[in-house]
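Quick note, the sequence shown lines up with residues -29 to -1, 1 to 502 if you use mature numbering (1 follows the signal peptide of the UniProt record, and there is no 0).
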Amino acid sequence: MEAIKFQNTVHHDRILIVFIFLFVDLSLCSPSQTQGELPYMTSDVKEVAGNSFDYIVVGGGTAGCPLATTLSEKFSVLLIERGGSPYGNPWVMEKRYYGFSLIQTDEFSSVAQDFKSGDGVRNCRGRVLGGSSAINGGFYSRASEDFIDQVGWDKELVKDAYTWVESKIVSIPELTPWQTVVEFGLLEAGILPYNGYSLEHIEGTKIGGSIFDVWGIRHTSADLLKAANPKNIVVVLNATVKNIIFEGNGNATETTVKGIRFIKSDGTTDQTYEAYLNQPKNCTSNGDVILSAGALGSPQILLSSGIGHREHFKKFNIPHVLNLKGVGKKMKDNPSIAVLVDTNPQNRLPDPPQVSGIAKDLKFIIEGGIIPTGFNATRMPIAAKIAFPVSEGELKLNSTDPRQNPSVKFNYLADENDLDDCANMVHLLERVAKSESIAFYLGVKPQNNLMTSTDGQRKFCKANVRTYYHYHGGCTVGSVVDNDYKVYGVKGLRVVDGSTFLESPGTNPMATLLMLGRYQGVKILREREHV
């Protein structure tokens, strides 16, 4: 009776919130329009081949776009992206087509690139300007305060960087009927307190921000390019970086970056082009090549450039440049379990998550959505992930073709602690999925037949583990890059993306990656001011 009484109280609160929303100007729920137009973009690699820039940012994704935008305030920037533009593509830009980009993929040109890990789990990565912010569910939530403390970032600058992003592309969502039901289910399962709308990563049930505005239009990281200095930035699309070029100065104690070598994404690997870093005279601080190609792309580029464990390069006949053993190591992906609450496929409107349940000292994250499984079929999963997995794997090269996925294995649930956590998470997930709220919405009788055997739950986890798409590592801080994200032993090379993370922050890493691009850009500008 207590649970029912509590649920009714929450129901009345939600009605009040919805009632208030009806009288709020919808423009207040959406990000302010970023001033300016998008900078110059081209797919003609010959336009930039042979040219020099102060900074070259490799990867126009979640972190790369805000980073390039910020650096362009004072320096010339080349932003090079292996995919095309998201603009004009309804599968990317419109909420009603959420998930469609994940069900039709190809080898070289689709906005999402499929890969299967060595664990046999299907996964994907963004291949479009905007990166994974162009194909994900759009749920925006900051990192926890503990995470900020652990990585040692400047708290004021972190706050400013988050706010800068949020003012441009983040909206307050209006909950759909299904998201309201999921919210009730989370509360009914005891994921408390109810935090309402919040961007903070805190225990309980909350409504997060969204990069979908109230009209259902997605605002990817590419929108942040509207804030760039158009005189200082060039965006090259459909160009894939093959490797980094180093100075041939004969100094064995110092490896210096000269530029990048790249190909047309729809071309051949034999036809390459080059772009270089400016070499200003009388300046003790030059610019950098900054890898923001993601947790698969950045370690892949380092390995393809001869940076990594010495033994790795013999197979591919790649000249060894630097013996940095951490490249490709500490690869992690948050183990996830999803249960379908609908009995059969329907043809519903896709519905990305807008609410999240955060439980067990931030260890369990639970969300629900409606995802397309075909062009006329959808399913309704409730999914959960383990936030701090112990198990880790490794990334290796598969090919010298930069368009091919590298080989990666995450070793999901290999550590017994992860398996125990998964068993506990399944118990909570079932309580949400079989809640009275969800049963009532679907028109079925509530079910109380929860798994009670820990052994059964562990077996269920092993048989059904999947990805939450929050894989990270491969160029981690302290192993491959220092606290300024500079690659150890190399002058003029940084990595700024999720490959540097030892854990995935918040409910998902998007907000923090967007923030990190802005944060590191501002830090670099400040460093150059004092040179």
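Where a beta carbon is used, it is the ideal one built from N, C-alpha and C, also for glycine.
These numbers come from a predicted model, not from an experiment.
C-alpha gap between residue i and residue j, whole angstroms
i, j, result
"residue 507", "S450", "One cannot answer for residue 507 here, as it falls past the ends of the chain, which runs -29 to 502."
"P321", "Q84", "20 Å"
"V136", "P476", "16 Å"
"G91", "G444", "19 Å"
"L464", "L196", "22 Å"
"T5", "D184", "For T5, the predicted structure reports a pLDDT of 49, less than 50, and the residue's modelled location is therefore unreliable. A value from the coordinates is still provided. One C-alpha to the other measures close to 14 Å."
"K177", "V129", "22 Å"
"R497", "T13", "30 Å"
"M486", "A132", "5 Å"
"A348", "Q317", "5 Å"
"I341", "N388", "31 Å"
"S406", "S142", "29 Å"
"V312", "G187", "25 Å"
"S(-3)", "F110", "Per-residue confidence for S(-3) stands at a pLDDT of 43, beneath the threshold of 50, marking its modelled position as unreliable; no derived number is given."
"H(-19)", "H441", "At H(-19), the pLDDT of 41 sits below 50, so the modelled position is not reliable; the number obtained from the coordinates is stated separately. If you take the alpha carbons of H(-19) and H441, they lie about 32 Å apart."
"G97", "L73", "10 Å"
"E474", "L262", "19 Å"
"M351", "N305", "21 Å"
"V260", "F217", "11 Å"
"I278", "K380", "20 Å"
"N419", "V152", "18 Å"
"C36", "G101", "7 Å"
"K303", "Y383", "8 Å"
Three-state secondary structure (DSSP) of residue i
i, result
"L49", "strand"
"R429", "helix"
"residue 561", "Nothing can be reported for residue 561: it is not among the residues displayed for the chain, which extend from -29 to 502."
"L333", "coil"
"L473", "coil"
"F71", "helix"
"G265", "helix"
"M302", "strand"
"D77", "coil"
"Y412", "helix"
"L9", "coil"
"M486", "helix"
"V16", "helix"
"K130", "helix"
"D322", "strand"
"F(-9)", "Interpretation of F(-9) is limited by its pLDDT of 35, a score under 50 that renders its predicted location unreliable; the figure taken from the coordinates is listed afterwards. Of the three classes helix, strand and coil, the one that applies to F(-9) here is helix, per DSSP."
"G54", "coil"
"L(-4)", "In this predicted model, L(-4) has a pLDDT of only 42, less than 50, meaning its place in the structure is not dependable; the value taken from the coordinates is given anyway. In this structure, L(-4) counts as helix in the three-state DSSP scheme."
"L295", "coil"
"I188", "strand"
"I495", "helix"
"G328", "strand"
"R281", "helix"
"I272", "helix"
"G102", "helix"
Range covered by the alpha helix (DSSP H) that runs through residue i
i, result
"N94", "No alpha helix (DSSP H) contains N94, which is instead part of the beta strand (DSSP E) from 93 to 97."
"V63", "61 to 64"
"T40", "35 to 42"
"E365", "Not the alpha helix (DSSP H): E365 falls in the beta strand (DSSP E), residues 365 to 367."
"F155", "148 to 159"
"T403", "A small correction: the amino acid at residue 403 is Val; Thr does not occupy that position in the sequence shown. Here the alpha helix (DSSP H) through V403 covers 387 to 404."
Bridge partner(s) assigned by DSSP for residue i
i, result
"E137", "Partner(s): none; E137 has no beta bridge."
"Q375", "Paired residues: none, contrary to the question."
"E338", "A354"
"P316", "P316 pairs with nothing; no bridge assigned."
"residue 504", "A query on residue 504 cannot be resolved here, the shown segment of the chain reaching from -29 to 502 and no further."
"I231", "I215, A246"
"G238", "Beta-bridge pairing links G238 to no other residue."
"I178", "Y168, V326"
"H443", "K303"
Start-to-end residues for the beta strand (DSSP E) that takes in residue i
i, result
"I119", "Looking at the DSSP string, I119 is not in any beta strand (DSSP E); the run it does join, the alpha helix (DSSP H), is 116 to 122."
"N214", "210 to 217"
"I289", "Where I289 is concerned, there is no enclosing beta strand (DSSP E), given that its DSSP letter is neither H nor E."
"V207", "204 to 207"
"L196", "Looking at the DSSP string, L196 is not in any beta strand (DSSP E), and its letter there is neither H nor E."
"R113", "Unbroken run through R113: none, as it is neither H nor E."
"L464", "464 to 466"
"Y26", "26 to 29"
Can you find at least 3 beta carbon pairs, one from the segment 387 to 395 and one from the segment 458 to 472, that sit closer than 8 Å?
-> Pairwise C-beta distances place the segment 387 to 395 out of contact with the segment 458 to 472, as fewer than three of them are shorter than 8 Å.
Are at least three pairs of beta-carbons, each pair with one atom in the segment 202 to 209 and one in the segment 40 to 51, less than 8 Å apart?
-> Segments in contact, yes.
Contact the segment 430 to 438 vs the segment 242 to 262: 3+ CB pairs below 8 Å | Output reads no: the segment 242 to 262 does not touch the segment 430 to 438.
At a cut of 8 Å, does the segment 400 to 420 reach the segment 106 to 126 through at least three beta carbon pairs?
-> Because the criterion of three Cβ pairs below 8 Å is not met, the segment 400 to 420 and the segment 106 to 126 do not touch.
Please determine if the segment 328 to 340 and the segment 139 to 159 are in contact, where contact requires at least 3 C-beta pairs separated by less than 8 Å.
-> With the cut-off at 8 Å, the segment 328 to 340 and the segment 139 to 159 touch.
Is the segment 53 to 62 close to the segment 282 to 289, with three or more CB pairs under 8 Å?
-> Note that the segment 53 to 62 does not touch the segment 282 to 289; fewer than 3 beta-carbon pairs, one per stretch, sit closer than 8 Å.
The segment 17 to 32 contacting the segment 246 to 253, beta-carbon criterion three pairs below 8 Å = Yes: the two stretches touch, three or more of their Cβ pairs being nearer than 8 Å.
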